[in-house]
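**Student:** Got a structure for you, questions after.
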Amino acid sequence: MNMRFQNRIITASAGTGKTYRLSLEYIAIILKYFEHPDFSLDSILAITFTRKATAEIRQEIIKHLDGLIAGDNPTLIKALGDIFPLSEDGLTDRQKGILSLAKLQILTDQRNLQIMTIDSYTGNIFRNIVRPQRSIDDYDLDENAVNKRMPFLLDHLMKPEFRKRIDSLLSRRVQRNLDSYEDMFAMLIENRWLYFLIKECYVGEKPRSEDVSATFRNCCVALFDELESAREAKARTWESMLKVATRNFFIDPPKSKDELVDAFVAFSRDSYRALKLFGVMKKSPFYDSRPIAKDRKEEAAELHKDLLNALAAVIYNDFLIPEQEEILSVWEIILKEYDSLIYRYKNLTYSDITWLTFETLHSAESELRRNNMMPDNEFYEFLTHRTRFMLIDEFQDTSLLQFKILKPIMEEVCAGIGSKEFGGVIIVGDQKQSIYGWRGGERELLIKLRDIVPPLRNVEPNRLDLSYRSSPDMMDFINRIFTSDALRNYLKSKELRWQYDAVSSALNDSSTNISTTVFGYNRHRGEKYLSYKHFVEDIVLKYIDKKGEDLSCAIICRKTGQLAAIQQLLQEKGVAGVFQPSARITEHRLVSPLYSWLRFVAFHDWIDLLSFLRSDYLLLSAPVLKEVIDAIYHLNSSEPRDIELPEELSFFMNLAAKHKEMSPYHIIREISQLCLRDMDKVAERDLLNLHQFQKIVKSWEMQESEQSLKTTEFLDYLSKNIKDEAFKQVSVEGGTQIQLLTIHKSKGLQFDKVFVYYDLDTSGMHQKDLSWAIDYADDGFEDIRDYVITYHYDSILSHCPKSEIWERKENLALLEELNNLYVAFTRAKTRLHIFFGYPTAKPFDEYLDGKKKDGDINLALSMVEACLESIDGETTALNEDDNPHARFFKSRITSHLVEKKAIDAESIPTEEQSEARTPQRTLITAAPHELNWQEIEDISKPEIASHRELYVEKKSSLRGTIIHDYLSFIKYDLEEEHREAKSFTLRRYGSILSINELNELFATIADEVKKTPAIFSKDYDMVLTEYAIADYRIDRIMVNSKQKKVMVIDFKTGAIDEESDQLDDYIAALKAMPMLDDYTFEQEYVSFMKRD
30 MNMRFQNRII TASAGTGKTY RLSLEYIAII LKYFEHPDFS LDSILAITFT RKATAEIRQE
90 IIKHLDGLIA GDNPTLIKAL GDIFPLSEDG LTDRQKGILS LAKLQILTDQ RNLQIMTIDS
150 YTGNIFRNIV RPQRSIDDYD LDENAVNKRM PFLLDHLMKP EFRKRIDSLL SRRVQRNLDS
210 YEDMFAMLIE NRWLYFLIKE CYVGEKPRSE DVSATFRNCC VALFDELESA REAKARTWES
270 MLKVATRNFF IDPPKSKDEL VDAFVAFSRD SYRALKLFGV MKKSPFYDSR PIAKDRKEEA
330 AELHKDLLNA LAAVIYNDFL IPEQEEILSV WEIILKEYDS LIYRYKNLTY SDITWLTFET
390 LHSAESELRR NNMMPDNEFY EFLTHRTRFM LIDEFQDTSL LQFKILKPIM EEVCAGIGSK
450 EFGGVIIVGD QKQSIYGWRG GERELLIKLR DIVPPLRNVE PNRLDLSYRS SPDMMDFINR
510 IFTSDALRNY LKSKELRWQY DAVSSALNDS STNISTTVFG YNRHRGEKYL SYKHFVEDIV
570 LKYIDKKGED LSCAIICRKT GQLAAIQQLL QEKGVAGVFQ PSARITEHRL VSPLYSWLRF
630 VAFHDWIDLL SFLRSDYLLL SAPVLKEVID AIYHLNSSEP RDIELPEELS FFMNLAAKHK
690 EMSPYHIIRE ISQLCLRDMD KVAERDLLNL HQFQKIVKSW EMQESEQSLK TTEFLDYLSK
750 NIKDEAFKQV SVEGGTQIQL LTIHKSKGLQ FDKVFVYYDL DTSGMHQKDL SWAIDYADDG
810 FEDIRDYVIT YHYDSILSHC PKSEIWERKE NLALLEELNN LYVAFTRAKT RLHIFFGYPT
870 AKPFDEYLDG KKKDGDINLA LSMVEACLES IDGETTALNE DDNPHARFFK SRITSHLVEK
930 KAIDAESIPT EEQSEARTPQ RTLITAAPHE LNWQEIEDIS KPEIASHREL YVEKKSSLRG
990 TIIHDYLSFI KYDLEEEHRE AKSFTLRRYG SILSINELNE LFATIADEVK KTPAIFSKDY
1050 DMVLTEYAIA DYRIDRIMVN SKQKKVMVID FKTGAIDEES DQLDDYIAAL KAMPMLDDYT
1110 FEQEYVSFMK RD
């Protein structure tokens, strides 16, 4: 027999049986090589990406071995015969004997069946080879290691030698404290491979700033010349030619074109103003286009576009490039210290292990190369001595770092030479299911695999094109969506390549139900909740079979927050739903009140008590809650009165005093038993999470000595470990309840019924901590020829000199979003209900036409159109009466029509209500509410006082107000504090005083600050400005926690009343705070810039 192995690349669309095929490939290798003297079962290694997939493949191999040995499954034998030559009678007795012996070896020693996740495989390499080279004697696997090291890392970053660089980078996006930047620092650690690429694999020239200010000025002149002609023709002022957003940049309105040009150039030299101006211009032209002649509007628009790009070029050269160097500098500091912490504490994440393995095997600085201990080729020969066959599943999810580790091993076994004469790889993947780019998954690796790995160059991919999951009608619908003209035209307009080959169903015809609903809501009126409500009440509940059929069911959403809102609505309707969230257990609705109560017991913070009282544990009414708040206010006032406390407040204050002496476990047991009396009505998932939290507390207490069972110490333990897997919320397992899943968690699963909720609204997306794009020099992903990385200026990337590589990255993100929708839709077997929410009350057809007219079509809109067209295309199956058991159904609804329908339903007679509830095929259009304009009376405009005149008359008062506002930003007399103070003060008072007056005042304030260094000393580790307590607002509070000292400052810009007891009142209010019990207090009036 020819012992040469035929390498394979298998592209497996969703539901086409890749696990089934991979297990047969495993068995085919056994049949071919089992009798070879150098072969053993552990020569075969199957790699997956999840533990679940590992278990499925293991189970499938055992199942197929049983079926083939018994010989009673002709379908299975035929499937094996398609990839391995068998006789006409199937398996021979000799072949069955081989499989029987193989099964016995597997059952005798599970290590013979080598199936592991990519993380486990990398961990094996690390333990056996990398760890000794790195002198890491022992280590713990801890996925929360980054969070635990962060306090040490932050302390390191505050050292004087690093502080300036950190301040320079972070000052442009101000947060309350350094802890707020933890996510950004963690992101730098998680993406250290990107730092490696930039520092070690960049083959281009170092980015250098160019002076593009002249180009920007010329673009300003060109556009303003055009606007000047329009302004003169219509006798308009320059102020009236500018939109409000642009006029807000000016204190005094511009009088001439030259003033405008100079002003825009000045704006471009300040990073804050330049970025703000860019945002205004990017949204729409900053000028009023109405005075411009029709035949000149297009020219003006082009000139505006040129100016926008020129401004982006200025920001890129003057601000982004220097920031890029700052990021790399800070990145180096962070990684160097992080690595030292690894060696100090030796607790590693999977990412740490992957990085150290990659660095050891590939970096020029690795121990292997530096000590010349083992050349790379000998190392990989050693590594592949046992493993000769690699079966890699879900290859489209492989990260570049993981691939760099696997590639030499793949090449070694593919070569079929080395320590053994046989070997090879089988790659299984589907580019349409690549949805993990956000964590490093590189879709292009699968697409370009044959070019990257030379032994695979001549391998023709084997495509699986029969679905064993979805019914024929379901597959026809999915094929129509992803081959629709709407989608193809969009991809073509973006020059995107997304290959889709039609997949047929291998199943017999079965009853299939598909619906697409498009729901419009008014985002500005806060109506998004109506989309959830309609989805649950009119879509999910309508199609749930209430006759008790054993059908699996799932609700799939893009985001966890959407699932949480839907689950809450399901619970209100009495429907059980299984939600597997990634949220922390302290955020659960029954655990969060316990957490607040523990904090109140430990720290006596009234906010924590109010959080507890407002929770589902008590559900206090608004009037009672107001009484409690009023009583708390009086208890903390400077002159507390003897008042009768509300019964609820008195009870819980006494209970807190009692709990102060109890262990955390007994506290939460007592409080939950006290408040949750009707446990029968508590949902199973809620009980699971409540018990899980109790288990966490009990486990902690068992590890601590009896003397250490303090609530404060448990809360400290909780804060340090809250990101651990064990501290996530838990969910109900099994049963036929509705599963609530994100798209990513649904991957690899299948359900009889699938409800997909997808919101087209992208507003409110939080700003990323770091934005970057790279351009590889070749298809091998070895070197990069260009890159851009930014913390503040991501909004300009599509218009700056790096627009090409940024657009490429954005396009890859679009393809991944398309993959998300493909994965969501293909989870369904026979019932699929798709729900699209869009952020306007307009009818969808009108909304879509408006978007097309504006050239603002995006991927999500194209998918909605494709879904609606795909249903329209099935004319013979569309039931006009909308029987819920019809095959295809679509509806287009707007939120205000849903409200109207609910009101109208109340007037329907009882005997007609059953007919009214019958689903209707709704293609609804919205009409505006008609008004009788003749009946509307004119209302005279009220006279509005001139605030400028009022302030000018009392300029000394205004001056004092400005000084107080300015000083509220100054804590330690830092440059960035003064910069923020000036920016705020200019925005607030720039329309009242001239810029020169304000600048003069700023300079005087800065000089006065320098004269009182003690007031702005860094000896005080906490400084509070304009602090509100009781009825007072204190100018400045300085706390020295080491010396237990508090200094209270009151700034006076007028005369000081020495007999005033104002500061005494302040201190009395502060002394009432429990956390300041053992502090000493000092006070001082500071005369600040007093004028006679």
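Here this note's numbering = 1-based position in the sequence shown + 29.
C-beta: ideal position from N, C-alpha, C; glycine also.
Strictly by DSSP, which residues pair up with residue 534?
**Tutor:** Answer by DSSP bridge pairing, in chain order: 496.
**Student:** Run through DSSP, which three-state label would residue 1058 get?
**Tutor:** Reduced to three states, the DSSP call for residue 1058 is strand.
**Student:** Keeping to the same chain, check which residues put their C-beta closer than 8 Å to that of residue 127; ignore five residues upstream and five downstream.
**Tutor:** Counting only Cβ-Cβ distances below 8 Å, and skipping sequence neighbours, we find 59, 60, 63 and 64.
**Student:** Do you know how far the Cα of residue 988 is from the Cα of residue 1081?
**Tutor:** Straight-line Cα distance between these residues: approximately 12 Å.
**Student:** Per DSSP, which residues does residue 862 bridge with? Please list them.
**Tutor:** Answer by DSSP bridge pairing, in chain order: 544 and 784.
**Student:** Short of 6 Å in beta carbon distance, which residues of its chain neighbour residue 1001, apart from the five on each side in sequence? Order them along the chain.
**Tutor:** Taken in chain order, the residues that qualify are 1045 and 1047.
**Student:** Please state whether DSSP places residue 143 in a helix, a strand or coil.
**Tutor:** Three-state result, residue 143: strand.
**Student:** For residue 873, tell me which candidate among 222, 545 and 1030 has the shortest Cα-Cα distance.
**Tutor:** Of 222, 545 and 1030, the residue nearest in Cα terms is 545.
**Student:** What does the alpha-carbon distance come out to for the pair residue 39 and residue 420?
**Tutor:** For residue 39 and residue 420, the distance between alpha carbons rounds to 11 Å.
**Student:** I'd like to check one pair, residue 860 with residue 542: are the Cβ atoms closer than 7 Å?
**Tutor:** Taking 7 Å as the Cβ cut-off, residue 542 and residue 860 qualify as a contacting pair.
**Student:** If contact is defined by three or more beta carbon pairs under 8 Å, each pair taking one atom from either stretch, is the stretch 342-352 in contact with the stretch 819-828?
**Tutor:** They touch, by the three-pair rule.
**Student:** Give every residue of the same chain whose Cβ lies closer than 6 Å to the Cβ of residue 622, excluding the five residues on either side of it in the sequence, and list them in chain order.
**Tutor:** Answer for residue 622: 641, 644 and 646, listed in chain order.
**Student:** Residue 270: buried (16+ other C-beta within 10 angstroms of its C-beta) or exposed?
**Tutor:** It is buried - the Cβ of residue 270 has at least 16 other Cβ atoms within 10 Å.
**Student:** Unbroken beta strand (DSSP E) runs of length 3 or more, entirely within the stretch 44-126: which are they?
**Tutor:** 73-77, all fully within the stretch 44-126.
**Student:** Give every residue of the same chain whose Cβ lies closer than 8 Å to the Cβ of residue 322, excluding the five residues on either side of it in the sequence, and list them in chain order.
**Tutor:** Within the same chain, residue 322 has close Cβ partners 259 and 262.
**Student:** Find out if the Cβ-Cβ distance for the pair residue 583, residue 462 is shorter than 7 Å.
**Tutor:** Contact: no.
**Student:** Here's the rule: buried if 16 or more other CB atoms are within 10 angstroms of the residue's CB, otherwise exposed. What is residue 372?
**Tutor:** Result: exposed.
**Student:** Looking at the structure shown, is residue 398 part of a helix, part of a strand, or coil, going by DSSP?
**Tutor:** With a pLDDT of 44 at residue 398, under the threshold of 50, the predicted position of this residue should be treated as unreliable, though the coordinate-derived value follows. In the structure shown, residue 398 sits in a helix (DSSP, three-state: H, G or I).
**Student:** How would you call residue 958, buried or exposed, if buried means at least 16 neighbouring beta carbons within 10 angstroms?
**Tutor:** Confidence at residue 958 is low in this model, with a pLDDT of 38, below 50, so its placement is unreliable and the value that follows should be read with caution. Flag for residue 958 reads exposed.
**Student:** Would you say residue 798 and residue 477 are within 7 Å of each other, going by their C-beta atoms?
**Tutor:** Contact: no.
**Student:** Over what stretch of residues does the beta strand (DSSP E) that includes residue 462 continue unbroken?
**Tutor:** Per DSSP, residue 462 belongs to no beta strand (DSSP E) and is neither H nor E.
**Student:** Using alpha carbons as the reference points, say which of 517, 531 and 474 lies closest to residue 501.
**Tutor:** When each option's Cα is compared against that of residue 501, the closest is 531.
**Student:** Note down the Cα distance separating residue 153 from residue 382, rounded to an integer number of angstroms.
**Tutor:** The alpha-carbon atoms of residue 153 and residue 382 are separated by roughly 10 Å.
**Student:** Report the three-state DSSP secondary structure of residue 769 (helix, strand or coil).
**Tutor:** Here residue 769 sits in strand by DSSP.
**Student:** Report buried or exposed for residue 232, applying the criterion of at least 16 other Cβ atoms within 10 angstroms of its Cβ.
**Tutor:** By the neighbour-count rule (16 or more Cβ atoms within 10 Å), residue 232 is not buried but exposed.
**Student:** Give the single residue among 566, 139 and 990 whose Cα lies nearest to the Cα of residue 88.
**Tutor:** Minimum Cα distance to residue 88 is reached at 139.
**Student:** Along the beta strand (DSSP E) that carries residue 814, what are the first and last residues, could you check?
**Tutor:** Run containing residue 814: 813-819, per the beta strand (DSSP E) assignment.
**Student:** Roughly how many whole angstroms lie between the Cα atoms of residue 156 and residue 362?
**Tutor:** Going by the C-alpha atoms only, they are around 27 Å apart.
**Student:** Could you pull the DSSP bridge partners for residue 1077 from this structure?
**Tutor:** Residue 1077 pairs with 1066 and 1112.
**Student:** Anyone know if the C-beta pair for residue 730 and residue 738 falls short of 7 Å?
**Tutor:** The answer is yes: Cβ separation under 7 Å.
**Student:** Would you kindly report the start and end of the unbroken beta strand (DSSP E) that includes residue 468?
**Tutor:** Here residue 468 belongs to no beta strand (DSSP E), and DSSP marks it neither H nor E.
**Student:** Taking 8 Å as the cut-off, does the stretch 505-524 touch the stretch 71-86 (at least 3 CB pairs, one atom from each stretch)?
**Tutor:** Segments in contact, no.
**Student:** What residues in its chain sit with their C-beta under 7 Å from that of residue 1157, if we drop five residues either side in the sequence?
**Tutor:** Lying before the first or after the last residue shown, residue 1157 is absent from the chain, which here runs from 30 to 1121.
**Student:** Could you check whether the stretch 843-857 touches the stretch 779-789, counting it as contact only if at least three pairs of C-beta atoms, one from each stretch, sit closer than 8 Å?
**Tutor:** Yes, the stretch 843-857 is in contact with the stretch 779-789.
**Student:** Please state whether the Cβ-Cβ distance between residue 777 and residue 498 is less than 7 Å.
**Tutor:** Not in contact: residue 777 and residue 498 (Cβ atoms no closer than 7 Å).
**Student:** Could you pull the DSSP bridge partners for residue 216 from this structure?
**Tutor:** Looking at the DSSP assignment, residue 216 forms no beta bridge with any residue, so it has no partner.
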